[in-house]
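Following: one structure in structure tokens, then a few remarks.
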Amino acid sequence: MGTSRTVRFEPGMNAIVGSMSGGKTATVSCLRALLGADVRVVPELRGRYISGTVLVGERRFRIVRQLVTTSTAKVEIAEIGGMQEVWRLPASELQAGYDQTFRNWWLEILDLPAVRVPRAPTDDASPLVPVTISDYLMYCVLKQTEIDTSVFGTDNNNHKNIKRKYVFEILYGLYDPEAAGLREHLRKVTTELNALTADADTLERILENTVFATRARLEVQRQETEQELLRARQDDRTMTQELTESATILLRDQIGESEAELARISDAAAAEAASIGRLDELRDQLIAQSRRLTRALVAERLLNDFEFHTCPRCGAGVPDRGGEDTCRLCLQVPPQTPSPSTLAAEQDRVIEQVAETEDLLNRSKRRLEELQTARSIQLHRRTELGEQLDHATATYITDQAERIRAVAAQQARLEEHLARIDDALALHIRLQGQRERIAELEREQEDLSSRIAASRHSNGIVQERLNRLDDAFEATLRDFDVPRFDKRPGSRINRETYMPIVDGRSFTDLQSQGVGVLVNVAHVLAHQRVALHSEGIPLPNLLIIDGISSNVGHEGIDLERLRRMYATLLASATEHIDQLQIIVTDNDSPPIDGIHRALELSDTDRLVPVSEDADRPSEDE
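My numbering numbers the first residue of the sequence shown as -17 and each following residue consecutively.
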């Protein structure tokens, strides 16, 4: 609380030493968190911030991360010099507004392939999961809990072992892009194949327990049912023809004629009613015009010589003024008006038109009455014909009811049976299509599997890398002077499991924990040696070994082996001083000189010092 510690790791080989519970493993956990792995630290470090400066190639970055397990916690990164880029990224879970995460940023900076692989290698239909920076760090960080019991978490951690194998294939070129595409295609093919197979098995089980189990028998039944249905429909047509030839046909024809006549009469009556309305309007207009002409004649006769001698406004006399053609009152020329004879002739013509319109209107009314009478007669006749047809039909149906019911029931039964047969045949056709598709998918699956297998073993460069890994592993074991178990010792990497084999024994068969430590360290160092001397292996050149002398004796020949292991690591780090950085933790000081002690811890000087007043109440409390 309120303390900080700064540690500087030099190029080459570095050591963190100190007694138990001093914080060596906690320091390794902090380093892993700084390199993008998930945060797994002791309680004293939870919630604190760790900041570090890392050198990747020619670029230097300052990273600040809070030690929390929240996947969306933000990590701040700033480049020192160079382009001086700045990032603020979520730790491992992508969020809206961000294009990558902190762990994906490490993949980009280290130029590591970002691929997705099946969660279960033996199940091509399993979901795809990403290979993260934590997975690559398995080949760079050897944890104290695994250093003598397993290789990168094998046996007791199946998920980690799966990722270990995928990373191995990616590093050494076994998992190339083309093979990855083939695996993805194989996964889709396998998923479809499994779904189709399950569906086909279900259909087959359904059909096995029914009368429609055999397609050949269904086709025979369908043909027989179609023939019976054809005969039933022919019987129905014959019955209909008999009904058509009976007395009811004449009644039906007469009813049709009657209904047609009714429609014609109704149309004619509607037309006459419309004509009467128009004639009424015309008559009213002519009468109004005749009245206007009458008023004009009267006005002409009575008011023609009327002249004002007294002013109608003030009552004074109007003197003689104007001429013969002008009005004495307004001194204007009066407008020309028709002569009385012209008005009388126009009135006579209008009166004649009124008379003619009256005649047409009367004729239309009489025609409408005749049409209404005819419509009533035709309605009565239609009613009588309908009653006659109902009686005739009822009599016929009563006589033929049983026959009609039998033919209809037979036809309905055959149609239903034919529909059931068609449904069953559709299932058989679907099942056949599924079987054909299954066979096609199986051939495609076999072809893809063969191509994937061929790609794993056809690349000569890959085989050369694997052979160099075998040689490096065997040479490292000899440098460590690891105890051997055969008169003709030889060690290699298993081509199927990618696990180390020492003189014919797998890692799990090694009984000595001290030998397990030596083999594990030799294994990770061999990968670094091959990566440093081979182009195209994107293994980060960082090696962190926690608890390097765990279960290794410190006396006699065991001490000599421990020294040789330290010396071999130091020689590799010194040889590649600008490329490989090695960090080891141990309870004791390195047994050889030349190793930089980056951090020394003890019970009294822990990574996170415990304050003497941490448990003492304050004055405020």
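Ideal Cβ positions, reconstructed from N, Cα and C, are used throughout, including at glycine.
request  = Might you give, ordered along the chain, the residues of its own chain that have their beta carbon closer than 7 Å to the beta carbon of Asp560, omitting 5 neighbours on each side?
outcome  = Against the sequence shown, residue 560 aligns to sequence position 578. Result list for Asp560: Pro(-7), in chain order.
query = Nearest CA to the CA of Ile62: which residue from Gly34, Glu446, Thr83 and Arg28?
reply = Taking the sequence shown and counting its residues from 1, one reaches residue 62 at position 80. With distances taken between Cα atoms, Ile62 lies closest to Gly34.
query = Rounded to a whole number of angstroms, what is the C-alpha to C-alpha distance between Ile152 and Asp463?
reply = Taking the sequence shown and counting its residues from 1, one reaches residue 152 at position 170. Taking the sequence shown and counting its residues from 1, one reaches residue 463 at position 481. Our two residues, Ile152 and Asp463, have alpha carbons roughly 31 Å apart in a direct line.
task = Taking only the alpha-carbon atoms, compute the straight-line gap between Thr179 and Arg425 and give it to the nearest angstrom.
result = Start at 1 with the first residue of the sequence shown, and residue 179 comes out as number 197. Start at 1 with the first residue of the sequence shown, and residue 425 comes out as number 443. Taking the straight line joining both Cα atoms gives about 14 Å.
ask   = Can you give the Cα-Cα distance for Arg511 and Thr83, rounded to whole angstroms?
value = Taking the sequence shown and counting its residues from 1, one reaches residue 511 at position 529. Taking the sequence shown and counting its residues from 1, one reaches residue 83 at position 101. In a straight line, the C-alpha of Arg511 is about 30 Å away from that of Thr83.
message = According to DSSP, simplified to helix, strand and coil, what is Met(-5)?
response = By one-based count along the sequence shown, residue -5 stands at place 13. Residue state, collapsed to three classes: strand.
CB contact flag (Val506, Leu89, <8 Å) = Looking up residue 506 in the sequence shown gives position 524. Looking up residue 89 in the sequence shown gives position 107. Contact: no.
request  = Give the secondary structure of Leu459 by DSSP, where H, G and I count as helix, E and B as strand, and everything else as coil.
outcome  = Here residue 459 corresponds to residue number 477 of the sequence shown, with the count starting at 1. Note: Leu459 maps to helix in three-state DSSP.
query = What is the rounded straight-line gap between the Cα of Arg387 and the Cα of Glu398?
reply = Counting from one through the sequence shown, the residue named residue 387 turns up at place 405. Counting from one through the sequence shown, the residue named residue 398 turns up at place 416. Roughly 16 Å between the two C-alpha positions.
message = If contacts are defined as beta-carbon pairs under 8 Å, then Arg28 and Ser11 qualify, I think. What distance do you get, rounded to the angstrom?
response = The residue you call residue 28 lines up with position 46 of the sequence shown. The residue you call residue 11 lines up with position 29 of the sequence shown. The C-beta distance from Arg28 to Ser11 rounds to 11 Å, too long to meet the 8 Å contact threshold.
task = Please go through the same chain and pick out, in chain order, the residues whose beta-carbon is closer than 7 Å to the beta-carbon of Leu350, but skip the five residues on each side of it.
result = Numbered from its first residue, the sequence shown carries residue 350 at position 368. Counting only Cβ-Cβ distances below 7 Å, and skipping sequence neighbours, we find Ala251, Glu254, Ala255 and Ile258.
ask   = DSSP state of Arg(-10), grouped into three classes?
value = Translated into positions along the sequence shown, residue -10 becomes position 8. In this structure, Arg(-10) counts as coil in the three-state DSSP scheme.
request  = Count the other C-beta atoms from every protein chain shown that fall within 10 angstroms of the C-beta of Leu361, then say buried if there are 16 or more, exposed otherwise.
outcome  = Reading the sequence shown from its first residue, position 379 is the one you call residue 361. Taking a 10 Å sphere around the C-beta of Leu361, we find fewer than 16 other C-beta atoms and assign the residue as exposed.
query = For Asp595, does the three-state DSSP call read helix, strand or coil?
reply = In the sequence shown, residue 595 corresponds to position 613, counting from 1. Residue confidence for Asp595 is low, a pLDDT of 48 falling below 50, so the modelled location carries little weight; the figure read from the coordinates is stated next. Secondary structure of Asp595 (DSSP, three-state): coil.
query = When you compare each of Arg(-10), Ala195, Ser3 and Asn(-4) to Leu583 by their alpha carbons, which one comes out closest?
reply = Start at 1 with the first residue of the sequence shown, and residue 583 comes out as number 601. For Leu583, the closest C-alpha among the options Arg(-10), Ala195, Ser3 and Asn(-4) is that of Ser3.
request  = Measure from the alpha carbon of Leu525 to the alpha carbon of each residue in Gly238, Ala270 and Leu552, then state which is nearest.
outcome  = To locate residue 525, count along the sequence shown from 1; it is residue 543. Restricting attention to Gly238, Ala270 and Leu552, the CA atom closest to the CA of Leu525 is found in Leu552.
query = Candidates Gly0, Asn533 and Arg588: which alpha carbon is nearest Thr127's?
reply = For the purposes of this step, residue 127 is identified with residue 145 of the sequence shown, where counting begins at 1. When the alpha-carbon of Thr127 is set against those of Gly0, Asn533 and Arg588, the nearest one is in Asn533.
ask   = Between the beta-carbon of Val(-11) and the beta-carbon of Ala555, is there less than 8 Å?
value = For the purposes of this step, residue -11 is taken as residue 7 along the sequence shown, with counting starting at 1. For the purposes of this step, residue 555 is taken as residue 573 along the sequence shown, with counting starting at 1. No, Cβ-Cβ distance for Val(-11) and Ala555 is not below 8 Å.
Counted within 10 angstroms of its Cβ, other Cβ atoms place Ala596 as buried (16 or more) or exposed = Position 614 of the sequence shown, counted from the first residue, corresponds to residue 596. The predicted model places Ala596 with a pLDDT of 45, which falls under 50 and marks its position as unreliable, so this point remains unresolved.
ask   = By how many angstroms is the C-alpha of Tyr548 removed from the C-alpha of Pro572?
value = Taking the sequence shown and counting its residues from 1, the one referred to as residue 572 is at position 590. Taking the sequence shown and counting its residues from 1, the one referred to as residue 548 is at position 566. Tyr548 has its alpha-carbon roughly 7 Å from the corresponding atom of Pro572.
query = Of the residues Val590, Thr586 and Pro591, which one's Cα is nearest the Cα of Ser1?
reply = Stepping through the sequence shown from its first residue, residue 1 is reached at position 19. Residue Thr586 is the option with its Cα nearest to Ser1.
task = Give the secondary structure of Thr7 by DSSP, where H, G and I count as helix, E and B as strand, and everything else as coil.
result = The sequence position of residue 7 within the sequence shown is 25, counting from 1. Three-state result, Thr7: helix.
query = Can you give the beta carbon distance from Ile434 to Tyr154, rounded, assuming they're within the 8 Å contact cut?
reply = As a position in the sequence shown, residue 434 is number 452, starting the count at 1. As a position in the sequence shown, residue 154 is number 172, starting the count at 1. Between Tyr154 and Ile434 the Cβ distance is about 16 Å, and since that is not below 8 Å, they are no contact.
ask   = Under 8 Å, do Leu325 and Ala270 count as touching if we go by C-beta distance?
value = Residue 325 sits at position 343 when you count from the first residue of the sequence shown. Residue 270 sits at position 288 when you count from the first residue of the sequence shown. Contact flag unset, no.
inquiry  = Can you tell me where the alpha helix (DSSP H) holding Arg85 begins and where it ends?
reply    = Residue numbering aside, residue 85 sits at position 103 when the sequence shown is read from its first letter. Bounds of the alpha helix (DSSP H) holding Arg85 are Phe84 to Ile91.
ask   = Does DSSP put Thr292 in a helix, in a strand, or in coil?
value = Within the sequence shown, numbered from 1, the residue matching residue 292 stands at position 310. In this structure, Thr292 counts as strand in the three-state DSSP scheme.
inquiry  = Measuring only from the beta carbon, is Leu521 closer than 7 Å to any heavy atom that is part of the ligand ADP?
reply    = Among the components of this structure there are no ligands whatsoever, and the ligand ADP is therefore not found.
key: Assumed close pair Ser240, Arg363 - CB separation to whole angstroms, cut-off 8 Å   = Within the sequence shown, residue 240 is the residue found at index 258, counting from 1. Within the sequence shown, residue 363 is the residue found at index 381, counting from 1. Contact between Ser240 and Arg363 holds: their C-beta atoms lie close to 6 Å from each other, under 8 Å.
inquiry  = So, for Asp540: in the same chain, excluding its five sequence neighbours on each side, which residues have a beta-carbon less than 8 Å away from its beta-carbon?
reply    = Sequence index remark: in the sequence shown, residue 540 carries index 558 (1-based). Correct list, in chain order: Gly496 and Val534.
message = Going by DSSP, what residue range makes up the alpha helix (DSSP H) through His578?
response = Here residue 578 refers to the residue found at position 596 of the sequence shown. Looking at the DSSP string, His578 is not in any alpha helix (DSSP H); the run it does join, the beta strand (DSSP E), is His578 to Leu583.
request  = Look at the Cβ atom of Leu614, then the Cβ atom of Glu174, and state whether they are nearer than 8 Å.
outcome  = Absent from the model: residue 614. The displayed extent of the chain is -17 to 603, so no value can be given.
query = Since Gly686 is in the beta strand (DSSP E), which residue starts that stretch and which ends it?
reply = This structure gives no information on residue 686, because the portion of the chain shown stretches from -17 to 603.
task = Write down the C-beta distance between Arg262 and Leu343 rounded to the nearest angstrom, noting that I regard them as a contact closer than 8 Å.
result = Translated into positions along the sequence shown, residue 262 becomes position 280. Translated into positions along the sequence shown, residue 343 becomes position 361. The sequence shown places Asp at residue 262, not Arg. Confirmed, about 7 Å.
request  = Work out the CA separation of Leu168 and Glu201 for me, nearest whole Å.
outcome  = Taking the first residue of the sequence shown as 1, we reach residue 201 at position 219. Taking the first residue of the sequence shown as 1, we reach residue 168 at position 186. Spanning the two alpha carbons is a distance of roughly 38 Å.
task = Determine the closest residue to Arg14 out of Pro591, Ile565 and Gln370, with distance taken between C-alpha atoms.
result = The sequence position of residue 14 within the sequence shown is 32, counting from 1. It is Ile565 whose Cα lies nearest to the Cα of Arg14.
key: Continuous beta strand (DSSP E) stretch holding Ser473: start and end   = To locate residue 473, count along the sequence shown from 1; it is residue 491. Counting along the chain, the beta strand (DSSP E) containing Ser473 begins and ends at Ser473 to Ile475.
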